């Protein structure tokens with residue numbers, strides 16, 4: 024009886040092993056057979072598009088070592104029960120979030136660096152957030168620049184459209200707001216503009232009393248002399264797009280306070296990704312999003328909706 028049991032058990036194990044091997048082989052063959060189709064499908068769905076270095080249409084070969092750093096701040100939590108925008112003021116938590124965002128910005132912007140500007144949407148919740156940030160941490164910035172282009176709205180119909188079932192914008196509202204938000208993107212996001220060089224006359228040029236013929240000769244000599252220097256400077260300034268910039272880079276910092284939809288849309292546009300994907304991710308109130316724009320047209324998003332400087336109970340979405 025014992026020997027028969029062992030024989031039966033052994034046979035069963037062999038059968039199971041054979042069955043498992045057959046299943047594995049069949050599975051592997053299936054994977055092998057289907058892999059070419061998967062690869063081809065991925066290639067078809069992900070058509071390779073080269074980066075457009077001239078995305079802002081500045082079209083300049085003369086570049087600088089300056090990088091624009093733009094800190095995008097979503098406004099703090101606000102009172103949603105108000106009938107119109109004038110009643111959508113910050114809640115106590117929203118004011119706290121604005122203060123925390125300002126402190127975080129003061130900590131991460133290099134010491135001694137004054138932001139080039141603070142820009143705000145003209146909606147109440149954004150204006151109040153910007154005012155707290157400026158008054159508490161950046162008093163050296165005299166004024167807050169405001170723009171209607173940065174007001175909240177529907178930038179484009181999202182894909183998938185999970186907003187319409189909950190009362191999202193109409194087609195007419197998308198048409199109106201989308202054009203405005205796109206205009207705001209083009210106004211705010213662009214490469215650093217090269218500094219304009221002004222020629223300063225020396226005292227000899229100012230006081231010279233030479234004859235007209237002598238002036239013409241001197242002008243020709245100066246042009247010949249300057250031509251070589253200008254050519255060398257221009258050659259040094261021309262950078263092949265995508266190449267490493269000089270090690271001694273200058274950063275300019277700007278603070279922009281606006282809204283979740285505007286920020287999400289702008290990030291995707293800046294990265295040359297499908298803008299209709301803007302509703303696939305969310306931003307916390309008072310969170311920071313940092314983008315960097317180089318003079319050669321390359322862009323980087325260093326962080327999105329950073330709220331790590333807040334306590335869990337201080338974090339909110341609306």
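In the working numbering, the protein residues as written are 24 to 341. The beta-carbon is built from N, C-alpha and C at its ideal position, and this holds for glycine as well. Source: prediction; values computed, not measured.
- With fewer than 16 other Cβ atoms from the protein chains shown falling within 10 Å of its own Cβ, residue 304 counts as exposed.
- Between residue 147 and residue 108, the gap from beta carbon to beta carbon is short of 8 Å.
- The C-beta distance from residue 322 to residue 293 rounds to 5 Å, short enough to fall under 8 Å.
- Taking all protein chains shown into account, residue 308 has 16 or more neighbouring C-beta atoms within 10 Å of its C-beta and is therefore buried.
- In this chain, the beta strand (DSSP E) harbouring residue 316 covers 311-317.
- Ranking 278, 177, 284 by CA distance to the CA of residue 91 puts 278 first.
- In this structure, residue 214 places its C-beta atom within 8 Å of the C-beta atom of residue 81.
- For residue 158, the enclosing alpha helix (DSSP H) covers residues 147-160.
- Residue state for residue 90 is assigned as strand, using DSSP reduced to three classes.
- Remark: three or more beta-carbon pairs, one from each stretch, lie closer than 8 Å, so the region 201-213 and the region 169-178 are flagged as touching.
- Counting only the Cα atoms, residue 340 lies some 11 Å from residue 120.
- When DSSP reads this structure, residue 123 sits in no beta bridge, so it has no partner.
- Counted as a single uninterrupted DSSP element, the stretch harbouring residue 299 is not any alpha helix (DSSP H), since DSSP gives it neither H nor E.
- The way I'd put it, the region 126-145 does touch the region 158-170; three or more beta-carbon pairs between them come closer than 8 Å.
- A distance below 7 Å between beta-carbons, with the five flanking residues on each side excluded, links residue 77 to the following residues of its chain, in chain order: 320.
- Residue 337 and residue 216 have their C-alpha atoms roughly 39 Å apart.
- Following the DSSP letters along the chain, one finds residue 204 inside the alpha helix (DSSP H) bounded by residues 194-211.
- If you check the CB distance, residue 313 and residue 94 come in under 8 Å.
- In the structure shown, residue 114 adopts coil according to DSSP, grouped into three states.
- The beta carbon of residue 149 is closer than 7 Å to those of 98, 143, 280, 281, 282 in its chain, skipping five residues each way along the sequence.
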